[in-house]
Structure formats: structure tokens, C-alpha cells
Amino acid sequence: MMFLNIAFPASSALPVAQFAISGLAVAARPLLGLGILTTMLLVFRPILSGLLRALWLSIFPKLSREERAARRTLRTAMTLNRIARDADVCSPAMAAELRAMAGRA
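In this note's numbering, the protein residues as written are 1 to 105.
What follows is the structure, given as C-alpha cells:
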């Protein structure tokens, strides 16, 4: 310890303070970056959700009304055929009627 440290204590405390401040800055920098990223995501949330929806629709486009109706008809026919297969053992007449309904669906 030098003789002038008594007269000027700030000069001896300065390296310790710089070390403490740099350690605090190193710890706070990722938190500050995360806070900025969170803020940007909240501010631009509508445009980001719109872009994601547009990307999703470009990969998986919506079905038209006719395509949805065709799928519904096919699903109904498959369901009726499945029920007819289950009923074939106990009631063949009802199974035949269900198959006829599936053919009309």
C-alpha cells in the first residue's frame, strides 16, 4: 500500500469498483437482450402472427366448400360401411340396408 492511498482513497478503490461494475454488466447484458427481444415480439405480435398464418396457408391451403362436402360425404359413407360390417353377423338385413344407404351417400 502506498503512502498516497491514505490521501487519495478513491484511486485505490477504483480497480475494485471497475471489477464489480464489469461483473454486473456481464450478468445484466443477457437479461437486457432478452427484455428487448420480448418487447419487440410483443410490439410486432400482430404482424408476426399474420406472417405465420400466411406461411401456414401457403403450405396447407384451406379446402373449398365442395372439397369439404366431398370429404364429409366420404366420411359418412365409410362410417355407414363400418357399422354395416359390425351388424353383418347379427342382422344381415340391417347391414344390407346400411350398405345401400352408404351407396347413396
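We treat Cβ as the ideally placed atom computed from N, Cα and C, and that holds for glycine.
Are the Cβ atoms of A70 and A102 separated by less than 8 angstroms?
no
Can you tell me whether L24 is buried or exposed? The criterion is at least 16 other CB atoms within 10 Å of its CB, across all chains shown.
exposed
Taking 8 angstroms as the threshold (C-beta atoms), are L98 and A87 in contact?
In this structure, A87 places its C-beta atom within 8 angstroms of the C-beta atom of L98.
Taking L95 and A84 to be in contact with their CB atoms under 8 angstroms, please state how far apart those CB atoms are, rounded to whole angstroms.
Note on identity: in this sequence residue 95 is Ala, with Leu being the wrong assignment. Going by Cβ atoms, the distance from A95 to A84 rounds to 4 angstroms, so yes, they are a contact pair.
Taking DSSP as the reference, what is the three-state secondary structure of P46?
helix
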